[in-house]
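In what follows, a structure is listed as structure tokens, so that the remarks can point back to it.
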Amino acid sequence: MSDNLRGALLMVLAMAGFALEDMLIKLLAGTVPVGQILMLLGFGGAIMFGTIARRNGQQILSPALLTPALLLRNLAEMIGTIGFVLGFVLGSLATASAILQSAPLLVTLGAVLFLGEKVGWRRWSAIAVGFAGMLLILRPGMSAFETASVFAVIGVIGLAGRDLATRVIPRTVSSTQISSWAFAMLVPAGIIVMVAMKEPPIVTTVAQSATLALTLGVGVLSYYALVASMRVGELSFVTPFRYSRMLFALIVAVLAFGERPDALTLVGASLIVAAGLFTLWRETKAA
């Protein structure tokens, strides 16, 4: 197997893992407060990545944590996670996942507005097509509009902001350090959600604790597969396989939760994915 195929396989496995993680969180949210889930996952993930960072001789409480780019990234991570998780917990997993696919288009738009990157008319057209697809999914003002979709939109804006901020983080900061801080931000995010939703924490049962541990393990392994895929294969070949997450999310939504996305949602998701792939191809060609 070539490096590119191995990288593509790792990317697909990572996306399948993230879809499974979303499913487990949504299942847990039926009996465990959402904020508590975020807190426990954040605490566990921060310990795991923090331990790896320390074993690699890297500081956890580094002065780099106070740089504007990292402060902005951590804030965007918190907003994005709260929005996306509430989007698929309170609403449809398929709809929230479809909206999430527009993140690369928002990153391209943000790079133009805030980082001074140049974009031609073709990529502007792709961004417009992607936003049209999002409107087909949201359908504001129509009977099919889901209020919970607003959380998913807030989430994708936050996650796009996180990716933009990551571009300007000093290269001396390792991905392990960034990951440990990102997971740590889920702790205050969980507190905010619990206070806002007026849901006090509970003592979890053995089954709930086991599901939480499984969710954390799946999330961490998926992240490692994602990082490994980027290192093994060429970015231009591997990155398009990120969109396989939409397929896995649809499978999970239908089988686990009995969701039935309508035709407009599927068309909108297809437009977003097509626009994202075209934008990636144009960026690769320009580079």
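Numbering (our numbering), first residue to last: 279 to 565. For each residue, glycine too, the CB sits at the ideal point set by N, CA and C.
Within 7 Å, strictly: CB atoms of residue 376 and residue 435: no
Local conformation of residue 396 per DSSP, three classes: coil
Skipping 5 residues on each side, what residues in its chain have a beta carbon closer than 6 Å to that of residue 528? 372
Could you please give the first and the last residue of the uninterrupted alpha helix (DSSP H) stretch that includes residue 343? No alpha helix (DSSP H) contains residue 343, which DSSP labels as neither H nor E.
Quick check on this structure: which residue in 469, 349, 428 and 336 has the alpha carbon closest to the alpha carbon of residue 374? 428
With a cut-off of 8 Å, do at least 3 Cβ pairs link the segment 305–323 to the segment 477–484? yes
Sequence-distant residues of the same chain with beta carbon closer than 7 Å to residue 361, five excluded per side: 429, 430, 432, 433 and 436
According to DSSP, is residue 478 helix, strand or coil? coil
Inspect the beta-carbon positions of residue 483 and residue 306 and report whether they are closer than 7 Å. no
Which term fits residue 337, buried or exposed, when burial requires 16 or more other beta carbons within 10 angstroms of its beta carbon? exposed
Could you tell me which of 288, 392 and 363 sits nearest to residue 520, measuring between CA atoms? 288
DSSP state of residue 355 mapped onto helix, strand, coil: helix
Residue environment, residue 334, which counts as buried when at least 16 other CB atoms sit within 10 Å: exposed
Burial state of residue 450, where buried means 16 or more other Cβ atoms lie within 10 Å: exposed
So residue 322 is in the alpha helix (DSSP H); what residue range does that whole segment cover? 312–333
If we call anything under 7 Å between Cβ atoms a contact, is residue 282 one with residue 511? yes
Cβ of residue 398 within 7 Å of any chain D Cβ: Note that chain D does not occur in the displayed structure, where there is just one protein chain.
For residue 296, tell me which candidate among 549, 494 and 537 has the shortest Cα-Cα distance. 494
Under a Cβ-count criterion, where at least 16 other Cβ atoms within 10 Å of its own Cβ denotes burial, should residue 300 be classed as buried or exposed? buried
Taking residue 561 as part of the alpha helix (DSSP H), name the residues at either end of that continuous run. 541–564
Is residue 498 closer than 7 Å to residue 326 when the C-beta atoms are compared? yes
Using a Cβ-Cβ cut-off of 6 Å (strictly less than) and excluding sequence neighbours within five positions of residue 426, which residues of its own chain qualify? 365, 368 and 369
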